[in-house]
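Visitor:
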Amino acid sequence: MPQPPAVFVHGYSCSSSHWLAAEERLQGHGEVRRLSLPGHDNVPAPDGAALDLDLCAEYVAQQVESTGLAGCRLIGHSLGGMVGMRCGARHPGLLSGLVLVDAFPRLGAPEPFGRSYWHGSDPKLKARVVRQMMNNRRRLPSTLWESVVGFDGTGDLAGLRLPVRGIYGDRGEDDHEGLRNSLLGFGLGAVSDLEIHILRDAGHFVMLEQPSAFYRLLGRVLDALPRG
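When you line the sequence shown up against the working numbering, it's residues 16 to 243, in that order.
#1: With H, G and I counted as helix, E and B as strand and the rest as coil, what does DSSP make of Asp67?
#2: With respect to the alpha helix (DSSP H) encompassing His191, which residues constitute its N-terminal and C-terminal limits?
#3: For Phe229, which of helix, strand or coil comes out of DSSP?
#4: Using the C-alpha atoms, what's the distance from Ala72 back to Arg88?
#5: Would you kindly report the start and end of the unbroken beta strand (DSSP E) that includes Val24?
#6: Does the Cβ of Met100 have 16 or more other Cβ atoms within 10 Å, making it buried, or fewer, making it exposed?
#7: At which residues does the beta strand (DSSP E) containing Val98 begin and terminate?
#8: Taking the Cβ atom as the reference point for each residue, do Ala21 and Ile90 lie within a distance shorter than 8 Å?
#9: How is the beta strand (DSSP E) around Ser111 delimited, first residue to last?
#10: Just to confirm my understanding: we take Pro53, look at its own chain, exclude 5 residues before and 5 after, and list those with CB closer than 8 Å. What are they?
#11: Since Gly91 sits in a beta bridge, which residues does DSSP pair it with?
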């Protein structure tokens, strides 16, 4: 049985270009699609409605349905992971798996995840990403950030009936078991089918900081997820 499609969703004030390497590096692991959230890249913010996390989740659900991607695995970085939590909870059966990439059930990552945000980023990568985020942030309405600040996905996670996998940068910490326990105590422990992977020498932008190691790991994660 072929693997379901893999749909990639970026973070707040970021871009689907952060997932450009996915198609090449995940050959043989199913179809790859990159989605841009409303207000990002070339996707306009909605007219007459406040742009917030819930609207982003409904937008992703609509895109998945309308493009024949129902049953896909959603891979979400940061805000993209929050969107995946809500989308999966509100649309049972739409997703067959959720991969959280340095995404947390609520803002304010548990220690030590709140430290060393840029661990693993070289200065050029950091400068490029910061410049992109600042440019994008100027165009985004405050309602989106306010909804991120107020988000609590613990209930969404508890209601999910699909496998959830997490990939997180270690921020330079050696105690990976301690990092996993921090995540479990921060809300991920509500998930019934959960695996957490910690990637060495990476921070928040794990897929950009350690692309080879990240995509090798993600490929193994996708291969191991149920296909039916």
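Each residue gets a CB set at the ideal place from its N, CA and C atoms; glycine is no exception.
Guide: With the structure as the only source:
#1: coil
#2: His191 to Gly200
#3: helix
#4: 15 Å
#5: Ala21 to Val24
#6: buried
#7: Per DSSP, Val98 belongs to no beta strand (DSSP E); it is in the alpha helix (DSSP H), Leu94 to Arg105.
#8: yes
#9: Leu110 to Val116
#10: Pro59, Ala60, Pro61, Leu66, Leu70, Cys71 and Tyr74
#11: Val24 and Leu115
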